[in-house]
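Undergrad: If you scroll down you'll find the structure; I have some questions about it.
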Amino acid sequence: MKTITLLTDFGLKDPYVGIMKGVILSINPDIRIVDITHDVEPQDIREGAFLLKEYYQYFPRDSIHVAIVDPTVGSNRRALILYKDGHVFVGPDNGIFSLLIESDTESYVITNRDFMLKQISSSFHGRDVFAPIAAHVAYGHHPSALGEKVIDLVCLTNIYPDIINAVLTGEVVRFDRFGNAITNIDIETFNDFTGGNDFRIHIGDIDFASLHKSYYEQDFTCLVGSSGYLEFGYYKGNFQEKTGISRGEAVAVKLFEL
296 MKTITLLTDF
306 GLKDPYVGIM
316 KGVILSINPD
326 IRIVDITHDV
336 EPQDIREGAF
346 LLKEYYQYFP
356 RDSIHVAIVD
366 PTVGSNRRAL
376 ILYKDGHVFV
386 GPDNGIFSLL
396 IESDTESYVI
406 TNRDFMLKQI
416 SSSFHGRDVF
426 APIAAHVAYG
436 HHPSALGEKV
446 IDLVCLTNIY
456 PDIINAVLTG
466 EVVRFDRFGN
476 AITNIDIETF
486 NDFTGGNDFR
496 IHIGDIDFAS
506 LHKSYYEQDF
516 TCLVGSSGYL
526 EFGYYKGNFQ
536 EKTGISRGEA
546 VAVKLFEL
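Numbers given in the working numbering equal positions in the sequence shown, counted from 1, plus 295.
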């Protein structure tokens, strides 16, 4: 039984997610469907990109991951199918796959209408394009059957941290349900920059001189979260509400000299 995962910003108030599942099961009833989340911040492609990279590795090879955060649906943006690490990814070419683009990633633009619904609306490609594509691919079709190979994928700008004037700079990319602020600074980049030396981490009006191991150690905490990125929390509270910090807030890491 193949697994199809769904990641969207559709929410659950409307029937969109249920309709996509109906399309998948109508084409291929022997499918296991897993909802990752449908609460990506509306139209926040970058949040979707970070979540996609975070979760897919915990699924078995041959899983198919449908990722839809698509504010330009109906435009001339392309529909894509990617093959990486034995996984298949389906979604729009708008940057949501930015963190998956590596030398071993195979990318194809979807042009074969035989794998889509007969009628394609200009506003719901999740139903008409991406859901049926995923269902058909689960039968064993290689991504190359859907269209030509491409290499010029859209990649989001400023998705990676940078070193500017000897300062490691990043930013808050999303908040989880608890109000923890998750950044784009991964632990490998952080360790390479600090090299075991003393440091200061600055966000808003708060500074940290060390990394914590968990959220309970003090009121304001700075730690490496389960996704492998630097994040900030507030013990038994909401860091976002407590500080007023929002997505895009700058985070700076400086080496500390006595």
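By construction, the Cβ of each residue, glycine as well, lies at the ideal position given by its N, Cα and C atoms.
Please report the Cβ distance between Ile326 and Ala433, rounded to the nearest whole angstrom; I am assuming they are in contact, meaning their Cβ atoms lie under 8 Å.
TA: Here residue 326 corresponds to residue number 31 of the sequence shown, with the count starting at 1. Here residue 433 corresponds to residue number 138 of the sequence shown, with the count starting at 1. Correct: roughly 6 Å between the Cβ atoms.
Undergrad: Would you decide whether Lys297 is buried or exposed? Buried here means 16 or more other CB atoms lie within 10 Å of its CB.
TA: What you label residue 297 is simply residue 2 of the sequence shown in a count that begins at 1. Its Cβ being crowded by 16 or more others within 10 Å, Lys297 is buried.
Undergrad: Is it the case that the Cβ atoms of Val329 and Ser393 are separated by a distance below 9 Å?
TA: Sequence index remark: in the sequence shown, residue 329 carries index 34 (1-based). Sequence index remark: in the sequence shown, residue 393 carries index 98 (1-based). No, the Cβ-Cβ distance between Val329 and Ser393 is not below 9 Å.
Undergrad: Taking Cβ positions, are Val312 and Thr300 nearer each other than 9 Å?
TA: By 1-based counting over the sequence shown, the position of residue 312 is 17. By 1-based counting over the sequence shown, the position of residue 300 is 5. Contact: no.
Undergrad: For Pro310, tell me which candidate among Phe503, Ile428 and Phe419 has the shortest Cα-Cα distance.
TA: Residue mapping note: residue 310 aligns to position 15 of the sequence shown, counting from 1. Per the Cα distances, Phe419.
Undergrad: Identify the continuous beta strand (DSSP E) that holds Ser387 and give its terminal residues.
TA: Taking the sequence shown and counting its residues from 1, one reaches residue 387 at position 92. Here residue 387 is Pro; the residue named in the question, Ser, does not match the sequence. His382 to Pro387 is the span of the beta strand (DSSP E), which, as asked, contains Pro387.
Undergrad: Below 7 Å CB to CB, which residues in the same chain sit around Ser560 once its five sequence neighbours on both sides are set aside?
TA: Nothing in the structure corresponds to residue 560, since the chain is present only between 296 and 553.
Undergrad: Assuming Arg356 and Val468 make a contact with CB atoms under 8 Å, what is their CB distance in whole Å?
TA: For the purposes of this step, residue 356 is taken as residue 61 along the sequence shown, with counting starting at 1. For the purposes of this step, residue 468 is taken as residue 173 along the sequence shown, with counting starting at 1. 27 Å between Cβ atoms; not a contact.
Undergrad: Return the chain-ordered list of same chain residues with a C-beta closer than 8 Å to the C-beta of Leu451, the five sequence neighbours on each side being excluded.
TA: Locating residue 451 in the sequence shown gives position 156, counting from the first residue. Taken in chain order, the residues that qualify are Ile340, Arg341, Ala344, Gly390 and Ser393.
Undergrad: Where does the unbroken beta strand (DSSP E) through Arg373 begin, and where does it stop?
TA: Within the sequence shown, the letter at position 78 stands for residue 373. Here Arg373 belongs to no beta strand (DSSP E), and DSSP marks it neither H nor E.
Undergrad: Hey, how far is the Cα of Lys316 from the Cα of Phe354?
TA: Residue 316 sits at position 21 when you count from the first residue of the sequence shown. Residue 354 sits at position 59 when you count from the first residue of the sequence shown. Those two C-alpha atoms are separated by around 19 Å.
Undergrad: Is it the case that the CB of Gly317 approaches a heavy atom of the ligand NAP more closely than 8 Å?
TA: Inclusion of the ligand NAP in the displayed structure is not the case, the ligand content being empty and no account of it being possible.
Undergrad: Go through its chain and collect everything with a Cβ distance to Leu506's Cβ below 7 Å, but skip five positions before and after it.
TA: As a working note, residue 506 is residue 211 in the sequence shown. Closer than 7 Å at the Cβ level, and outside the excluded window around Leu506, lie Cys517, Leu518 and Val519.
Undergrad: Could you tell me which of Ile459, Ala429 and Gln535 sits nearest to Val548, measuring between CA atoms?
TA: Taking the first residue of the sequence shown as 1, we reach residue 548 at position 253. For Val548, the nearest C-alpha among the options comes from Ile459.
Undergrad: Since I believe Leu347 is in contact with His360 (beta carbons under 8 Å), could you give me their beta-carbon distance rounded to a whole number of angstroms?
TA: Counting from one through the sequence shown, the residue named residue 360 turns up at place 65. Counting from one through the sequence shown, the residue named residue 347 turns up at place 52. Indeed, because the Cβ distance is near 7 Å, the residues count as touching under 8 Å.
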